[in-house]
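Structure first, then comments.
In the numbering used here, the protein residues as written are 6 to 142.
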(Lines of atoms letter the chains of each structure in order from A and count residues from 1; the text may use other names and numbers.)
(Lines give C-alpha, C1' and ligand atoms only; values in the text may rest on other atoms or scores of the structure.)
Protein backbone atom coordinates (compact mmCIF):
# COMPACT_ATOMS: atom_id res chain seq x y z
CA UNK A 1 0.00 0.00 0.00
CA UNK A 2 1.26 3.47 -0.86
CA UNK A 3 -0.07 5.17 2.28
CA UNK A 4 2.33 7.52 4.07
CA UNK A 5 0.76 6.72 7.46
CA UNK A 6 1.06 2.96 6.87
CA UNK A 7 4.73 3.57 6.00
CA UNK A 8 5.20 5.43 9.30
CA UNK A 9 3.54 2.54 11.16
CA UNK A 10 5.82 -0.06 9.53
CA UNK A 11 8.95 2.06 9.99
CA UNK A 12 9.62 2.83 6.31
CA UNK A 13 9.24 6.56 7.06
CA UNK A 14 10.41 8.11 10.30
CA UNK A 15 8.21 10.28 12.48
CA UNK A 16 8.55 12.11 15.77
CA UNK A 17 6.58 9.57 17.80
CA UNK A 18 4.99 10.73 21.04
CA UNK A 19 2.89 7.75 22.12
CA UNK A 20 2.23 4.22 20.91
CA UNK A 21 -0.20 1.49 21.84
CA UNK A 22 -0.74 -1.91 20.19
CA UNK A 23 -3.40 -0.33 17.91
CA UNK A 24 -2.56 3.38 17.65
CA UNK A 25 0.34 5.72 17.03
CA UNK A 26 0.68 9.43 17.85
CA UNK A 27 3.33 11.66 16.33
CA UNK A 28 4.03 15.33 15.71
CA UNK A 29 2.58 16.68 12.47
CA UNK A 30 5.41 17.41 9.99
CA UNK A 31 3.57 20.58 8.89
CA UNK A 32 2.19 21.90 12.19
CA UNK A 33 -0.55 24.48 12.50
CA UNK A 34 0.60 25.20 16.07
CA UNK A 35 3.38 24.18 18.44
CA UNK A 36 2.60 20.58 19.47
CA UNK A 37 0.21 19.78 16.57
CA UNK A 38 -0.13 16.00 16.80
CA UNK A 39 -1.67 13.29 14.64
CA UNK A 40 -3.14 10.14 16.14
CA UNK A 41 -3.69 7.25 13.74
CA UNK A 42 -4.87 3.66 13.94
CA UNK A 43 -2.08 1.27 12.99
CA UNK A 44 -4.47 -0.61 10.72
CA UNK A 45 -5.47 1.19 7.54
CA UNK A 46 -9.00 2.59 7.46
CA UNK A 47 -10.17 5.33 5.10
CA UNK A 48 -12.99 6.56 7.35
CA UNK A 49 -13.92 6.41 11.02
CA UNK A 50 -17.02 4.30 10.33
CA UNK A 51 -14.81 1.65 8.70
CA UNK A 52 -12.88 0.99 11.92
CA UNK A 53 -13.41 -2.09 14.04
CA UNK A 54 -14.45 -1.59 17.66
CA UNK A 55 -11.10 -2.33 19.31
CA UNK A 56 -9.16 -0.02 17.01
CA UNK A 57 -11.76 2.72 17.47
CA UNK A 58 -11.69 2.46 21.27
CA UNK A 59 -7.91 2.47 21.32
CA UNK A 60 -7.67 5.44 18.94
CA UNK A 61 -10.02 7.64 20.93
CA UNK A 62 -8.46 6.64 24.26
CA UNK A 63 -5.10 7.65 22.79
CA UNK A 64 -6.61 10.98 21.66
CA UNK A 65 -7.87 11.54 25.21
CA UNK A 66 -4.45 10.81 26.74
CA UNK A 67 -2.58 13.00 24.26
CA UNK A 68 -5.04 15.91 24.48
CA UNK A 69 -4.44 16.12 28.21
CA UNK A 70 -0.67 16.08 27.74
CA UNK A 71 -0.71 18.59 24.88
CA UNK A 72 -2.86 21.00 26.85
CA UNK A 73 0.16 21.50 29.10
CA UNK A 74 1.57 23.46 26.11
CA UNK A 75 -1.61 25.53 25.81
CA UNK A 76 -4.82 25.76 27.80
CA UNK A 77 -7.05 24.10 25.20
CA UNK A 78 -6.95 22.10 22.00
CA UNK A 79 -8.80 21.61 18.75
CA UNK A 80 -9.53 17.96 17.99
CA UNK A 81 -10.49 17.38 14.36
CA UNK A 82 -11.08 14.55 11.91
CA UNK A 83 -11.52 15.06 8.18
CA UNK A 84 -13.62 12.02 7.27
CA UNK A 85 -13.36 11.65 3.48
CA UNK A 86 -11.82 13.57 0.60
CA UNK A 87 -14.67 16.07 0.28
CA UNK A 88 -14.26 17.05 3.94
CA UNK A 89 -10.62 17.96 3.40
CA UNK A 90 -8.97 14.61 4.19
CA UNK A 91 -5.68 14.70 2.30
CA UNK A 92 -4.40 11.26 3.27
CA UNK A 93 -7.06 8.51 3.05
CA UNK A 94 -6.08 6.93 6.38
CA UNK A 95 -8.04 7.88 9.51
CA UNK A 96 -6.13 10.49 11.47
CA UNK A 97 -7.10 12.74 14.34
CA UNK A 98 -5.52 16.18 14.60
CA UNK A 99 -4.87 17.51 18.08
CA UNK A 100 -3.92 21.17 17.76
CA UNK A 101 -3.01 23.07 20.92
CA UNK A 102 -4.90 26.38 20.88
CA UNK A 103 -4.72 29.77 22.54
CA UNK A 104 -6.83 32.90 22.25
CA UNK A 105 -4.23 34.74 20.12
CA UNK A 106 -3.69 32.06 17.43
CA UNK A 107 -6.20 33.68 15.06
CA UNK A 108 -7.92 30.42 14.08
CA UNK A 109 -11.27 31.10 15.75
CA UNK A 110 -14.15 28.65 16.08
CA UNK A 111 -15.11 25.95 13.57
CA UNK A 112 -17.90 28.14 12.21
CA UNK A 113 -15.24 30.44 10.74
CA UNK A 114 -14.20 27.64 8.34
CA UNK A 115 -17.45 27.71 6.38
CA UNK A 116 -18.12 30.68 4.13
CA UNK A 117 -21.17 29.06 2.49
CA UNK A 118 -23.59 27.89 5.17
CA UNK A 119 -27.04 26.45 4.57
CA UNK A 120 -30.13 28.13 5.92
CA UNK A 121 -32.34 25.19 6.86
CA UNK A 122 -36.02 25.43 7.60
CA UNK A 123 -37.85 23.19 10.07
CA UNK A 124 -38.83 20.69 7.34
CA UNK A 125 -35.20 20.25 6.26
CA UNK A 126 -34.13 19.63 9.86
CA UNK A 127 -36.88 17.01 10.17
CA UNK A 128 -35.80 15.30 6.91
CA UNK A 129 -32.22 15.03 8.14
CA UNK A 130 -33.40 13.62 11.47
CA UNK A 131 -35.51 10.98 9.71
CA UNK A 132 -32.60 9.90 7.52
CA UNK A 133 -30.17 9.59 10.44
CA UNK A 134 -32.72 7.92 12.73
CA UNK A 135 -33.88 5.58 9.92
CA UNK A 136 -37.48 6.70 10.14
CA UNK A 137 -39.76 7.02 7.14
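Ideal Cβ placement from N, Cα and C applies to all residues, glycine included.
In this text, all values refer to a predicted model and were calculated from it rather than measured experimentally.
- For residue 33, the enclosing beta strand (DSSP E) stretches over residues 29-33.
- In the displayed model, residue 134 falls within a helix according to three-state DSSP.
- Between residue 84 and residue 100, the gap from beta carbon to beta carbon reaches 9 Å or more.
- A contact is defined here as three or more CB-CB pairs under 8 Å, and the stretch 61-74 meets this definition with respect to the stretch 20-40.
- The closest CA to that of residue 60, considering only 14, 27 and 129, is found on 27.
- Shown here for residue 119: not one same chain residue has a beta carbon closer than 6 Å to its own, the five before and five after excluded.
- Nearest to residue 93 by alpha-carbon distance, out of 54, 127 and 82, is 54.
- When 22, 140, 133 and 43 are compared, the shortest CA-CA separation from residue 77 is found for 43.
- The three-state reading of DSSP puts residue 25 in strand, counting E and B together.
- Apart from sequence neighbours up to five positions away, the residues of its chain that approach residue 51 with a beta-carbon distance below 6 Å are 57 and 100, ordered along the chain.
- Counting C-beta atoms within 10 angstroms of its own C-beta, residue 124 has fewer than 16 neighbours from the protein chains shown and is therefore classed as exposed.
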